[in-house]
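S.K.: Right, I'll just put the structure down here and ask away after.
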Amino acid sequence: MTDHFDIIFPSVPLSVLDVNSCPADWTESVLRSATSSLRYSFPKAEVLCGKLLLKKYHIELIQLRTEEAFSLRFKVDQDRLFLLFTIQGNLRFLTGEGTEVITATENSFYPSHSRPEEYDADIMKGSVVKVLVISFDPQWAERIVRPYQILWEALREIVRSGRQFSILPRLRIERMLGKELDEILDFNDPNIEIVKLKMRKKIAMVLKCYHEMLVISGLDRIYLAGLYILKNFADPEIDIQSQLQDLPMSDKTFRRKFRVIFGTTPYDYCVRLRMEKARKLINEQGLAKKEVYSMVGYTDLGSFSRTYRSYYRNEAHC
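This is the structure we're talking about:
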């Protein structure tokens, strides 16, 4: 059975010890059901990794204490969905090429999807970081979230979108969810089948909590607007303004939160999707611009060409 993701350290550890026989004195947190618990020592940092590796999902508690800036590299070999809970500290994620993905902040969590890729996680000096990562097969997750229409549709769409990675709205770890995480960490049983059943129920409960929090916060409207754009960006008749009607918040708040989640405005998000699709068609399939423009939502070649040149000229200057 292979790991859902691998952690690559920036250098060879000074030592690798079993946490159970040599626990760290700076944390009491432990994943009790872990099938592997290791303590990696570096000149000015320590990393604890406790993992429960099962066929359908992989649960890993990663704890790190460092006196200087430190980085980890996460290698994903297959399509995976992730739940990342930042219990303590902050991590800044970047692609292997250096493009910022997201900063996972303390006491927050979010679902995401990744295709095979390597990501760097940067940690500030003097930090203690504690994160719980749950990864699972997309098809398995779809079955679990089927009762929750918005989340089910969102996960299906990001898995099928063709994007390298996608991130759903980030939410705070509230008290009830914190209790669920404590139970995930504390539960263990000598019968692995009981562990599998318990953890499956806990993962389902966490996803249910996320769906309910998404709806209560009104962020579901923001994500649905983004989902509408993701589905329809190639349609020249796309009506982004229709997504801004009857909002449970002010238009200014909606646009600000949309920018937090998607990194840009609704209109510019549509442009970004069109340009990324166009570049893929041109570079990977060898199509000419005159063949591409109508495939990405433009009705004339001139408008498309101007936007394409401007978009990638500006990107090169970033």
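When the sequence shown is numbered by numbering that gives the first Met the number 0, its final residue is 317 and no position is left out of the sequence of numbers.
We put the CB at the ideal spot given by N, CA and C, even for glycine.
#1: Does the pairing of the segment 113 to 128 with the segment 175 to 190 give three or more beta-carbon distances under 8 Å?
#2: Could you tell me the distance, in whole angstroms, from the CA atom of V270 to the CA atom of F232?
#3: Check whether the segment 72 to 85 touches the segment 43 to 55, taking contact to mean three or more Cβ pairs, one atom from each stretch, closer than 8 Å.
#4: Can you grab the Cα-Cα spacing for the pair P189 / R312, in whole Å?
#5: Grab the span of the alpha helix (DSSP H) containing R220 for me, first residue to last.
#6: Quick check: the segment 189 to 200 against the segment 165 to 174, are there 3 or more CB pairs under 8 Å?
#7: Under the rule that 16 or more other beta-carbon atoms within 10 Å means buried, what is E211, buried or exposed?
#8: If you follow the beta strand (DSSP E) that D119 is part of, which residue opens it and which one closes it?
#9: Can you give me the C-alpha to C-alpha distance between A287 and S309, rounded to a whole angstrom?
#10: Give me whichever residues DSSP pairs with P110 in a beta bridge.
#11: Below 8 Å between beta carbons: does that hold for V75 and F8?
#12: Could you give the distance in angstroms between the alpha-carbon of F41 and the alpha-carbon of Y222?
#13: Quick check: the segment 122 to 130 against the segment 54 to 64, are at least 3 beta-carbon pairs closer than 8 Å?
#14: On the DSSP bridge list, what partners appear for I61?
#15: Please name the residue, chosen from I101, Y297, R305, S134, that lies closest to R258 on a Cα-to-Cα basis.
#16: Go ahead and label Y307 buried or exposed: buried means 16 or more other beta carbons lie within 10 angstroms of its beta carbon, across all protein chains shown.
#17: In three-state terms, what does DSSP make of R31?
#18: Where does K43 sit, in a helix, a strand or coil, going by DSSP?
#19: Where does the unbroken alpha helix (DSSP H) through A277 begin, and where does it stop?
#20: Relative to the C-alpha of S249, which candidate in L93, G217, S35, T34 has its C-alpha closest?
#21: Taking the alpha helix (DSSP H) that K288 belongs to, which residues open and close that run?
#22: Rounded C-beta distance between L83 and Y109? I'm assuming under 8 Å.
#23: How about L47 and T34: do their beta carbons lie closer than 8 Å?
#24: Taking the alpha-carbon positions, what's the K276 to V295 distance?
#25: What's the gap between the Cα of T104 and the Cα of G88?
#26: Tell me which same chain residues have a C-beta within less than 6 Å of the C-beta of Q242, skipping the five on either side of it?
#27: If you draw a straight line from the C-alpha of A44 to the C-alpha of E283, how long is it?
M.R.: Reading off the structure:
#1: no
#2: 8 Å
#3: no
#4: 59 Å
#5: 218 to 231
#6: no
#7: exposed
#8: 116 to 122
#9: 18 Å
#10: For P110, DSSP records a beta bridge to L82.
#11: no
#12: 41 Å
#13: Three or more beta-carbon pairs drawn from the segment 54 to 64 and the segment 122 to 130 are found closer than 8 Å, and the two stretches are therefore classed as touching.
#14: C48, V130
#15: Answer by Cα proximity: I101.
#16: Y307 is buried by the Cβ-count criterion.
#17: coil
#18: coil
#19: Boundaries of the alpha helix (DSSP H) harbouring A277: 265 to 284, taken from the DSSP string.
#20: G217
#21: 288 to 291
#22: 6 Å
#23: no
#24: 7 Å
#25: If you draw a straight line from the Cα of T104 to the Cα of G88, it comes to about 7 Å.
#26: A224, Y227
#27: 42 Å
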